[in-house]
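Every number in the numbering used here is 118 more than the matching position in the sequence shown, counting from 1.
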Amino acid sequence: MKRAGAAFGLLSGIMWALDTVFIGAILSRDLFASSGQALFLAPLVGTFLHDAASGLWIAGYLSLKGELKKALANIKTTGGWYVILGSILGGPLGMTFYVLSIHRLGSSYAASFSAVYPAVGAFFSFLLLKDRLRPKNWFGLFISILFIILLGSSGTEDASVPSRLGFLYVLLCIICWGLECVLVAYGMKKVQISPEQSILLRQLVSTVTYCTVILPFFGGWHFAADVMAKKELFFLALVALAGSVSYLFYYKAIRAIGPAKAMGLNISYSGWAIFFGFLFFSEPLSLKMIGYSLMIILGSVLTVAEKDELNLTHFLKKFRNRTMKEVKR
């Protein structure tokens, strides 16, 4: 079960990297860069349409399995409400604070600082779920976060001088993203909601929140309507399929190995995205970027390593014992 959970977590990172690379390509099109307002609204509108399309993909999948009615009935359960709360925090609120932090801090600062959210999530996971990590797992998480920060800060800064308000936004973003995984894990455990059903709730809640709160607040509905009338909507819906698969693997990993380890594996997407960007769009790829990416992935693997796995001391003891046996022969 734990090995399957680790595989789910790693696959969630790989699929999210694909999602990220192609979403980035779509949001770089002229439609999303036509004005300063379009640049600001693009991530919010893109996420809204992405989550809405993902919800439709998951709803179709659950319909084929005959579980759609049961999934919607979970809205009335206590566990369902925990999933919904986590969805609001991690989806609309977390993403909004992230976009606001980019606006105030610039993309490099915002991406680098927000990368520590798995550590915050691991703390909440220990506090609320008693989900413990071994020192080796913490070290792996630290390595991943460190090299994500280095990878993010290696780019050019494109914003104004960092502000206190910007740091507040990124702090709120980190807390929201860290809590999402923990609350979803608790909700799925409380009433045995399946990962697929949880994802449907997440995407429904995200879509409704964007429709009724986020887009009206930022005056984004006019721009969203423009996007929905263009071919970019089709591309977003197609990419959302990869995002849906990523969420499915991620939620399965949360259930199998706990939120802290699932987050540690999921953030490997930062490393995979470098390779996919080079593969599909010929984006620049330096030796430094390759090294950082490999360290991110290595740290993710260490995050889920069991007691006797990837243990250098244990390996050296086995090597020494084997050598001694060969000498005696």
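Using N, Cα and C, we set each Cβ at its ideal position, and we do this for glycine too. Quantities reported herein were computed from a predicted structural model and do not represent experimental measurements.
In chain order, each alpha helix (DSSP H) run of at least 4 residues that lies wholly inside the region 225-313:
225-232, 235-247, 253-271 and 282-309
Roughly how many angstroms separate the alpha carbons of Ile176 and Leu359, rounded to a whole number?
9 angstroms
Cβ-based burial, Arg222 [other Cβ within 10 Å; buried from 16]
buried
Could you check where the alpha helix (DSSP H) with Glu350 kicks off and where it finishes?
Glu350 to Ile375
Considering Cα atoms alone, identify which of Pro236, Val422 and Ile415 is closest to Cys294.
Pro236
Where Leu129 and Asp148 are concerned, what is the direct C-alpha to C-alpha distance, given to the nearest angstrom?
32 angstroms
Going by the CB atoms, is the gap between Gly164 and Arg320 shorter than 8 angstroms?
no
Only counting the same chain, and skipping five residues up and downstream in sequence, which positions put a Cβ closer than 7 angstroms to that of Ala342?
Val163, Phe166 and Leu333
Grab me the residues of Ser392's own chain with a C-beta within less than 7 angstroms of its C-beta, minus the 5 sequence neighbours each way, in chain order.
It is Ile, not Ser, that sits at residue 392 in the sequence shown. So the list reads Leu403, Met407 and Ser411, once near-sequence residues are dropped.
Looking at C-beta atoms only, is the number of pairs between the region 285-304 and the region 168-187 that lie closer than 8 angstroms three or more?
no
Have a look at Trp339 and Ile144 and give me their C-alpha separation to the nearest angstrom.
19 angstroms
Between Leu186, Cys329 and Lys308, which has its C-alpha nearest Tyr200's C-alpha?
Lys308
Extent of the continuous alpha helix (DSSP H) to which Lys188 belongs:
Leu186 to Ala191
Between Ile385 and the rest of its own chain, which residues show a CB-CB distance below 6 angstroms, the 5 nearest in sequence each way excluded?
Pro236 and Ser262
Measuring alpha carbon to alpha carbon, tell me which of Ile375, Ile414, Val139 and Ala160 ends up nearest Met306.
Ile375
Which same chain residues end up closer than 6 angstroms to Phe140 when comparing Cβ atoms and leaving out the 5 residues on each side of it in sequence?
Val357
Can you tell me which of the three DSSP states Ala391 falls into?
helix
With respect to the alpha helix (DSSP H) encompassing Pro161, which residues constitute its N-terminal and C-terminal limits?
Gly154 to Lys183
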